[in-house]
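A.B. asks:
Numbering (UniProt numbering), first residue to last: 1 to 1210.
In structure tokens, the structure reads:
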């Protein structure tokens, strides 16, 4: 056999390694050797393709047939080439297979189902995740017997009638996560047995009336996450059996009152995350059987009083994330079966006492994130089954509605954090069944009275103002197991906690699992707990002696009642810390005596301890020991998940087997070969290090090389001795391949390091900076060194940071130019910026040292940095970074995998975000805008979040062909031919594009269409250029990079007087305060901030009013489009300065560009290149007066479709 092995990273294809683990899983190499035992007893077989077959012997064919005999369910995965797949399908024994799954086809655009004719019993077929652009069912013998077909996560743009023509028995059809744009009439007509249709996450803009006409048996329909703006009132007319309907994540603003008239059996309906602004009063009138209705994250400002009158069976209603200010008392009058009601994140300031009067079965109520300061005292009078009440992030000062006979007596969880409560007294409340109470982040000044809460188990009062915390009274409640009283910035400096366990005897100490008292003087508590432990130990020894005496006394057969005894304390989570805590208060052994084996978290912060030696109680725990000024030694014999010893300036000794996330900032920890391997194997934070041994080149090189090869995050910020780029260059210039495979350099001797994604390398506040650089390197695969190919690689380029200069000795020192003529305004502006930076850093520094933010920064969302109230939040852990594909002014873009979807992840630079409140607001605006950008010619937005380092990121559609700028630099004729070859002759998706000129016009129409949509949302792009337009595999344009989009429609096109910061360029850019001209600078985005300042954009595409820093509106984008028209036509850089001044010109960029435009100079079209109408239209787009430029709506519908230029510009 001759074949080329392509082994998958981490797998050894030997049968000994995996036959036991995967009883029914065979690597193709195993199968070809005869080492695969074939299908399981139940007929299940997975074939993992790990080889490319070039020629196969008869013996290997026989082995394949032996292994595939008696199979009924087959999965084919791995890296599957079309040639290898077709050989396997043609030579296996597949006659008994009922279910077939194929995932991972590579470079196979069209799948022919006739390849499956050997599967004579085939019932279900899954072809998801193959990037197919078409599926051909011609001569597919089993089409009429299929009951399930899954084509999700491919690249289908249309549904051809021939695809489904013979599938009359099909019950389930999955078409999710494709690029389908339109659903024509009768395309599903043959599918008379269909019960489930999944069309979510496509680009569908319209569905013809009658599209679902024959689907009378349909039960489930999902059309969510598309670009539908309207829905025909008769679309669901024939779906009388429909039970489940998803329409969420579409820009639908209005619905006809009869939309759901013909689906009376509907049980679930989701209209969430749409642009729905109002609900017709009779919209849900026919849905008397509806069980769940989701209307969250729309734009609703009110609900008609009778809107839900027919929904008497409804158990779930979500109205969160809208703009409701109140709720009419009649809205819920007929929802007597409602269980869960979500009204959070609105603007509700008051509710009527009858709002919940008929919600007698209500169990869960979310009202957090509103503007409530009180509730009517009788609002819960009929809510006898309410068990969970969420009231966080409001303005409550009192809780009268929880007292008296109208209180929700069955309440088990009450969350009241982030309000204005100064006290909590349970004696005036009727909450006998309450088990969880959260009062954190309230100005509470006295310890809560929980004496009337006999069932309470969890009490959280973090960041309070209590001077004395009496734990004795709290622990009298026998079920209390969580007490959280960590101090906050407003907690009195002399706050103390006390405990007298003698008053609790017999105290069941084992019930207390969490005790948080960081920042509180807790000496009394520690003393009492240790005394309790000693008493129990002594009592246990005495009992042992008594037992021995009883054994000797044979004549006494009297039965003795067991003595009532307490139990020892065994904490899972403990936070302590005040300046007086030292070894005289508690020894290491005494600390361990309070902790349960398997403790999850220990924090000792701000103490006077000089050394800490912990017992082996902490496998994979979090240990936080920051801010201990006298600490010199830490010994922990357990492997940890997270260890923070930052800002312990005397700490020199650390002993721990391994830790995933390590922070040694501000310590004197000596370098060892364990750093970034056993210590900080995932993340290492080593800010402000002052260890001489680190400063030697050999040590620095060894540590850096180890860290940059292995960790995800390396932070060496604010380290003074890192002041020579030459100290880092020998390591940072090393080429690293972005791959999981192993390669050789061309010499076939040297092996470059490989990893799938680059690390985040932070050097904030240092005099040098290291920027990631991508390159292509000629390498040879280790498994086949005879071939060579260019592989994407990276290295770090280190230079002096901005504001620093290199001395003759190679050091980077602060650049202090002696220029007396610097304008006073610049000095003042720089000083203000510097003060803002210092304030930001100090604030961030304090938060960094707090346990809450530090954990969130590494693991969870950083709420202080990012308030994504209405965004689709995506956790960073859900993403698998594949490779870095681009870097720009606003951040870095990675290709990534999100679940099973290939996406682009744009990580915004922290230096850009600036972590202040205005930045949070601006980024939040951008996310809210992106949620509404559902259009086939705008890059799709999936969600947002923050990475472990606190940087915000956006998850966007991945467009594989790159930018329009890249396409214009290629042979467009060749690209067009390749695209047309991939399209079936009967497919009309080519849209009549047969020449390069037709392709160029279509690309420009796509851009105009996308921009018309953006402007329809009262938004402007402000950086429209070829580099910010991506091109799909079907050569369709998609607008991207909204880092500078803001509401900037000025009064010139509106009758309203706009005075907000979003309407004008607030800081004019003087033409004398300029950039030096170069073509590179002219085509780059300048002023990369997230605020609305003059000059944001790309100079060579800027309108005159933008260059001047004057007021401007969306017509500035039209000017940029005119420049783009010239660039697309000529396939050259649109450099007006080069055209008029020559390529050797040196001088100010913005001033010269502005003067040329003011003189009427425009980009010249070469003679005969294009028709006159095109040239004239481009020049009109670049008109000096914005009012003379056409709108994008006009350009989309007439300007680029007609051979004559339109006379109207509006």
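Note that beta-carbon positions come from the ideal geometry of N, C-alpha and C, so glycine has one too. These figures come from a predicted structure and were not determined experimentally.
1) If I follow the unbroken beta strand (DSSP E) through residue 603, where does it start and stop?
2) Please classify residue 37: does DSSP put it in a helix, a strand, or coil?
3) Considering only residues of the same chain and omitting the five flanking positions on each side of residue 337, which have a CB-CB separation below 7 Å?
4) Report yes or no: do three or more beta-carbon pairs, one from the region 231-246 and one from the region 254-269, lie closer than 8 Å?
5) Considering Cα atoms alone, identify which of 1154, 969 and 485 is closest to residue 462.
6) Kindly say whether residue 67, judged by its beta-carbon, lies nearer than 8 Å to any beta-carbon of chain D.
7) Indicate the three-state DSSP secondary structure (helix, strand or coil) for residue 623 in the structure shown.
8) Along the alpha helix (DSSP H) that carries residue 1123, what are the first and last residues, could you check?
9) Sort out for me which residues DSSP pairs residue 1246 with in a bridge.
10) Any idea what DSSP makes of residue 448, helix, strand or coil?
11) Roughly how many angstroms lie between the CA atoms of residue 802 and residue 815, to the nearest whole one?
12) If I'm right that residue 363 touches residue 335 with Cβ under 8 Å, what's the distance once you round it to whole angstroms?
13) Please tell me whether residue 611 and residue 581 are closer than 8 Å, where the distance is taken between their beta carbons.
14) From residue 1009 to residue 1015, what does the alpha carbon distance come to, in whole angstroms?
15) Do three or more CB pairs link the region 65-79 to the region 34-45 at distances below 8 Å?
16) Can at least three beta-carbon pairs, one atom from the region 1119-1132 and one from the region 1175-1193, be found at a separation below 8 Å?
17) Cβ of residue 291 versus every heavy atom of the ligand MG: is any distance shorter than 7 Å?
18) Measuring alpha carbon to alpha carbon, tell me which of 793, 704, 751 and 703 ends up nearest residue 739.
19) Starting from residue 48, follow its DSSP beta bridges and name the residues at the other end.
20) Alpha carbon to alpha carbon, how far is residue 1119 from residue 1192? Give it in angstroms, no decimals.
21) Within the chosen definition, does the region 753-760 reach the region 717-725 through at least 3 CB pairs nearer than 8 Å?
22) Look up residue 1013 in the DSSP assignment and say whether it is helix, strand or coil.
23) For residue 346, which residues of its own chain have a beta-carbon under 6 Å away from its beta-carbon, when the five flanking residues on both sides are left out?
24) Mind checking who residue 720 pairs with in its DSSP beta bridge?
25) Which runs of the alpha helix (DSSP H), 4 residues or longer, sit entirely within the region 574-601?
26) What are the start and end residues of the beta strand (DSSP E) that includes residue 797?
27) For residue 601, count neighbouring Cβ atoms within 10 angstroms of its own Cβ and tell me buried if that reaches 16, exposed if not.
28) Could you tell me if residue 375 is buried or exposed, where buried requires 16 or more neighbouring beta carbons within 10 angstroms of its beta carbon?
29) For the beta strand (DSSP E) containing residue 762, name the first residue and the last one.
30) Straight-line CA distance for residue 1041 to residue 908?
31) Name the two residues that bound the continuous beta strand (DSSP E) containing residue 1172.
32) Using the Cβ count rule (16 or more neighbours within 10 Å means buried), how would you classify residue 948?
33) With distance defined between alpha-carbon atoms, name the residue in 238, 605 and 196 nearest to residue 149.
34) Would you call residue 813 buried or exposed, if buried means 16 or more other Cβ atoms sit within 10 Å of its Cβ?
35) Using only the alpha-carbon positions, how far apart do residue 86 and residue 117 sit?
36) Please determine if the region 872-886 and the region 947-964 are in contact, where contact requires at least 3 C-beta pairs separated by less than 8 Å.
C.D. replies: In short, the structure shows the following:
1) Taking the first residue of the chain shown as position 1, residue 603 is located at position 603. Residue 603 -> beta strand (DSSP E) spans 601-604.
2) Start at 1 with the first residue of the chain shown, and residue 37 comes out as number 37. DSSP, read as helix, strand or coil, puts residue 37 in coil.
3) Here residue 337 is taken as the residue at index 337 of the chain shown, counted from 1. These residues qualify, in order along the chain: 312, 313, 314, 315 and 361.
4) yes
5) The residue given as residue 462 occupies position 462 in the chain shown. Here the closest residue by C-alpha is 485.
6) No chain D appears in the structure shown, which is made up of a single protein chain.
7) Your numbering for residue 623 matches position 623 in the chain shown. In this structure, residue 623 counts as strand in the three-state DSSP scheme.
8) Indexing the chain shown from 1 puts residue 1123 at position 1123. Counting along the chain, the alpha helix (DSSP H) containing residue 1123 begins and ends at 1115-1130.
9) Beyond the ends of the chain as shown, which are 1 and 1210, falls residue 1246; an answer cannot be given.
10) One-based indexing of the chain shown puts residue 448 at position 448. If DSSP states are grouped into helix, strand and coil, residue 448 belongs with coil.
11) Here residue 802 corresponds to residue number 802 of the chain shown, with the count starting at 1. Here residue 815 corresponds to residue number 815 of the chain shown, with the count starting at 1. For residue 802 and residue 815, the distance between alpha carbons rounds to 9 Å.
12) Reading the chain shown from its first residue, position 363 is the one you call residue 363. Reading the chain shown from its first residue, position 335 is the one you call residue 335. Residue 363 to residue 335, Cβ: 13 Å. No contact.
13) As a first step, residue 611 is located in the chain shown; it is residue number 611 there, counting from the start. As a first step, residue 581 is located in the chain shown; it is residue number 581 there, counting from the start. Going by C-beta atoms, residue 611 is not nearer than 8 Å to residue 581.
14) Counting from one through the chain shown, the residue named residue 1009 turns up at place 1009. Counting from one through the chain shown, the residue named residue 1015 turns up at place 1015. Cα to Cα, residue 1009 sits roughly 10 Å from residue 1015.
15) yes
16) yes
17) In the structure on display, the ligand MG does not appear, and there are no ligands present to speak of.
18) The residue labelled residue 739 in the question sits at position 739 within the chain shown. The alpha carbon of residue 739 has as its nearest neighbour, out of 793, 704, 751 and 703, the alpha carbon of 793.
19) Here residue 48 is taken as the residue at index 48 of the chain shown, counted from 1. According to DSSP, which records beta bridges pairwise, residue 48 is partnered with 27 and 77.
20) Counted from its first residue, the chain shown places residue 1192 at position 1192. Counted from its first residue, the chain shown places residue 1119 at position 1119. Spanning the two alpha carbons is a distance of roughly 11 Å.
21) When C-beta atoms of the region 753-760 are compared with those of the region 717-725, fewer than three pairs fall below 8 Å, so the two segments do not count as touching.
22) By one-based count along the chain shown, residue 1013 stands at place 1013. Note: residue 1013 maps to helix in three-state DSSP.
23) In the chain shown, the residue the question calls residue 346 occupies position 346. So the list reads 322, 324 and 370, once near-sequence residues are dropped.
24) As a working mapping, residue 720 is identified with position 720 in the chain shown. Paired residues: none, contrary to the question.
25) 588-593
26) Walking along the chain shown from the start, residue 797 turns up at place 797. Residue 797 -> beta strand (DSSP E) spans 789-800.
27) Residue 601 sits at position 601 when you count from the first residue of the chain shown. Buried.
28) Looking up residue 375 in the chain shown gives position 375. Looking at its Cβ environment, which holds 16 or more other Cβ atoms inside 10 Å, residue 375 is buried.
29) One-based indexing of the chain shown puts residue 762 at position 762. Here the beta strand (DSSP E) through residue 762 covers 760-762.
30) As a position in the chain shown, residue 1041 is number 1041, starting the count at 1. As a position in the chain shown, residue 908 is number 908, starting the count at 1. The straight-line gap from Cα to Cα measures roughly 11 Å.
31) Residue mapping note: residue 1172 aligns to position 1172 of the chain shown, counting from 1. That residue, residue 1172, is in no beta strand (DSSP E); its alpha helix (DSSP H) goes 1172-1181.
32) Taking the first residue of the chain shown as position 1, residue 948 is located at position 948. By the neighbour-count rule (16 or more Cβ atoms within 10 Å), residue 948 is buried.
33) Within the chain shown, the letter at position 149 stands for residue 149. When each option's Cα is compared against that of residue 149, the closest is 196.
34) The residue labelled residue 813 in the question sits at position 813 within the chain shown. When all chains shown are included, residue 813 counts as exposed.
35) As a working note, residue 86 is residue 86 in the chain shown. As a working note, residue 117 is residue 117 in the chain shown. Roughly 12 Å separates the two Cα atoms.
36) Contact annotation: the region 872-886 touches the region 947-964, with at least three C-beta pairs closer than 8 Å.
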